[in-house]
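Protein chains in written order, with our numbering: chain A, -9 to 232; chain B, -9 to 232. Ideal placement from N, C-alpha and C gives every residue a C-beta, glycine not left out. These numbers were taken from a predicted model, which means no experiment stands behind them. All remarks here apply to the structure that follows.
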DNA sequence: GATAAAGCTCGTACACCGTGCGAGTGGATT
DNA sequence: AATCCACTCGCACGGTGTACGAGCTTTATC
């Protein structure tokens, strides 16, 4: 499936939707689905073309008929993550609720597919699902009363906060482990480093001790919520002043 | 340099600062510096242990005396990016200005080392420089009047927004190219896909046409600013109500 | 000064990776 | 019957990270 430009993204290369003629034994959708399963169960570094081929019961290089690159495959897979982050109709939910629902939806989609954070930093999110999500969000802000460029900036701010809050969180979870016991153990392992850092920033140590008392997993949630409310408040203020 | 836990981060493994004795021909600092140079000039996929060894004038595997893994090397390198994002003293600048300066500083550091976004999604930022940045920022918010957990949440919100705004921007720049001419060409290449997407979201098309009229590079800056102000406003509101 | 130990370098080798290429297959079209 | 086309895939190439162990050089111990 050819047609080349100097740009390296699938989305810049293909006029989508062409009519399939027969039933070949592979398909793009099937490949992408299998890749996601592999990623979900074994993580990013377990995804190789050979393993993917094996899981599909075909030769590794057969995949290249449907996909130009491994990178292109990953673009498709990433867009599928955005497909899981659908936003409720802002017309029925009200802009603030539906913006918040968007944030939770995107966050959950990413948390369910932790490997996706490695992709977000590697390739742009320009697939149809990513665009649909961002378009729905922008709709919500249009309903709120934002206009012109401000409309895009506001939507962009929401996306930014959501990604920025979720990405480091997932990176952390990926190396610490997902249970509370893991987190506790981790805090213990980090203690000496923390004490060294606290030599320069004394207040840090006190806060660190606070952290040891609370449940980190619920704090993560509260923290996300706090920032989300701040962003929404900030945007709402902007709205009233115009 | 041994000592192992089940955690895979450098920062959880080492009690830092041990006295070096002689002058061996390599050093951690030297290795990290060379790696950054290579990354800056040739990008992420050009960094291999062999190439790095060659640039250092030594064998590829010599590096493994100073660093357990390639991943560990990358952790060190990422922390060096945070070293370039120092925050002004909040006591002299006032909390709002110094939070804003933090945001610009971090953003610029990342933009100057575009490969860093691939790392942020891959490993946690727990190195001493990252911690210093976050500690200074937290100081700023303490000065602003935030207390207890809210203090951390507020700082975290700022970091989240900044990362979340910068990461996709860099991903985009990495594939589109950095000049305005590239961006224009890109917009043209994306047009057909855009029109397909606009079938579902009619408002999208109109906005796309707006985009073609403005200078994208300056819009990026304005967009970041807009969100930044919203976040700061949102946090300030939170402050007043308590 | 001799001997042992520790610190450090690096060539070799292994398993694995993405993927270009070209031969092979089976059904549809002419 | 011949041609074509959509599709599959084995092989091979040039790379990758890094385990291992043999070597060298400096320090510590007697």
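Comparing the C-beta of residue i with each C-beta of chain B, is any distance below 8 angstroms?
{"i": "residue 26 of chain A", "result": "no"}
{"i": "residue 137 of chain A", "result": "no"}
{"i": "residue 206 of chain A", "result": "no"}
{"i": "residue 95 of chain A", "result": "no"}
{"i": "residue 72 of chain A", "result": "no"}
{"i": "residue 221 of chain A", "result": "yes"}
{"i": "residue 51 of chain A", "result": "no"}
{"i": "residue 198 of chain A", "result": "no"}
{"i": "residue 92 of chain A", "result": "no"}
{"i": "residue 142 of chain A", "result": "yes"}
{"i": "residue 113 of chain A", "result": "yes"}
{"i": "residue 67 of chain A", "result": "no"}
{"i": "residue 217 of chain A", "result": "yes"}
{"i": "residue 58 of chain A", "result": "no"}
{"i": "residue 75 of chain A", "result": "no"}
Should residue i be flagged as near chain A, meaning a C-beta pair shorter than 8 angstroms?
{"i": "residue 129 of chain B", "result": "yes"}
{"i": "residue 85 of chain B", "result": "no"}
{"i": "residue 110 of chain B", "result": "yes"}
{"i": "residue 170 of chain B", "result": "no"}
{"i": "residue 21 of chain B", "result": "no"}
{"i": "residue 125 of chain B", "result": "yes"}
{"i": "residue 224 of chain B", "result": "yes"}
{"i": "residue 11 of chain B", "result": "Low per-residue confidence applies at residue 11 of chain B: pLDDT is 46, beneath 50, and the placement is therefore not dependable, though the value from the model is reported in the following sentence. No, no contact with chain A."}
{"i": "residue 229 of chain B", "result": "no"}
{"i": "residue 80 of chain B", "result": "no"}
{"i": "residue 191 of chain B", "result": "yes"}
{"i": "residue 100 of chain B", "result": "no"}
{"i": "residue 33 of chain B", "result": "no"}
{"i": "residue 55 of chain B", "result": "no"}
{"i": "residue 194 of chain B", "result": "yes"}
{"i": "residue 202 of chain B", "result": "no"}
If I follow the unbroken alpha helix (DSSP H) through residue i, where does it start and stop?
{"i": "residue 49 of chain B", "result": "Where residue 49 of chain B is concerned, there is no enclosing alpha helix (DSSP H), given that its DSSP letter is neither H nor E."}
{"i": "residue 137 of chain A", "result": "Looking at the DSSP string, residue 137 of chain A is not in any alpha helix (DSSP H), and its letter there is neither H nor E."}
{"i": "residue 31 of chain B", "result": "18 to 32"}
{"i": "residue 110 of chain A", "result": "106 to 110"}
Which of the three DSSP states is assigned to residue i in this structure?
{"i": "residue 117 of chain A", "result": "coil"}
{"i": "residue 216 of chain B", "result": "helix"}
{"i": "residue 75 of chain A", "result": "coil"}
{"i": "residue 231 of chain A", "result": "coil"}
{"i": "residue 169 of chain B", "result": "coil"}
{"i": "residue 85 of chain B", "result": "helix"}
{"i": "residue 192 of chain A", "result": "helix"}
{"i": "residue 126 of chain B", "result": "helix"}
{"i": "residue 59 of chain B", "result": "coil"}
{"i": "residue 3 of chain A", "result": "coil"}
{"i": "residue 37 of chain A", "result": "coil"}
{"i": "residue 182 of chain B", "result": "helix"}
{"i": "residue 205 of chain B", "result": "coil"}
{"i": "residue 152 of chain B", "result": "helix"}
{"i": "residue 92 of chain B", "result": "helix"}
{"i": "residue 15 of chain B", "result": "coil"}
{"i": "residue 211 of chain B", "result": "helix"}
Rounded C-beta distance between residue i and residue j? I'm assuming under 8 angstroms.
{"i": "residue 114 of chain B", "j": "residue 162 of chain A", "result": "5 angstroms"}
{"i": "residue 217 of chain B", "j": "residue 151 of chain B", "result": "6 angstroms"}
{"i": "residue 225 of chain A", "j": "residue 144 of chain A", "result": "5 angstroms"}
{"i": "residue 107 of chain B", "j": "residue 111 of chain A", "result": "4 angstroms"}
{"i": "residue 116 of chain A", "j": "residue -1 of chain A", "result": "6 angstroms"}
{"i": "residue 165 of chain B", "j": "residue -3 of chain A", "result": "7 angstroms"}
{"i": "residue 149 of chain B", "j": "residue 124 of chain B", "result": "7 angstroms"}
{"i": "residue 109 of chain A", "j": "residue 64 of chain A", "result": "6 angstroms"}
{"i": "residue 228 of chain B", "j": "residue 220 of chain A", "result": "6 angstroms"}
{"i": "residue 190 of chain B", "j": "residue 122 of chain A", "result": "7 angstroms"}
{"i": "residue 67 of chain B", "j": "residue 39 of chain B", "result": "So it is not a contact: roughly 13 angstroms between Cβ atoms."}
{"i": "residue 204 of chain B", "j": "residue 170 of chain B", "result": "Residue 204 of chain B to residue 170 of chain B, Cβ: 11 angstroms. No contact."}
*If we count Cβ pairs, one from each stretch, closer than 8 angstroms, do we get three or more for the region 45 to 58 of chain A versus the region 70 to 79 of chain A?*
No: the two stretches stay apart, fewer than three of their Cβ pairs being nearer than 8 angstroms.
*asked:* Measuring CB atoms only, is the region 197 to 215 of chain B touching the region 171 to 184 of chain B, in the sense that at least three cross pairs come out at less than 8 angstroms?
replied: Yes, they touch.
*Do the region 128 to 137 of chain B and the region 86 to 95 of chain B make contact, defined as three or more Cβ pairs closer than 8 angstroms?*
Yes: at least three Cβ pairs fall under 8 angstroms.
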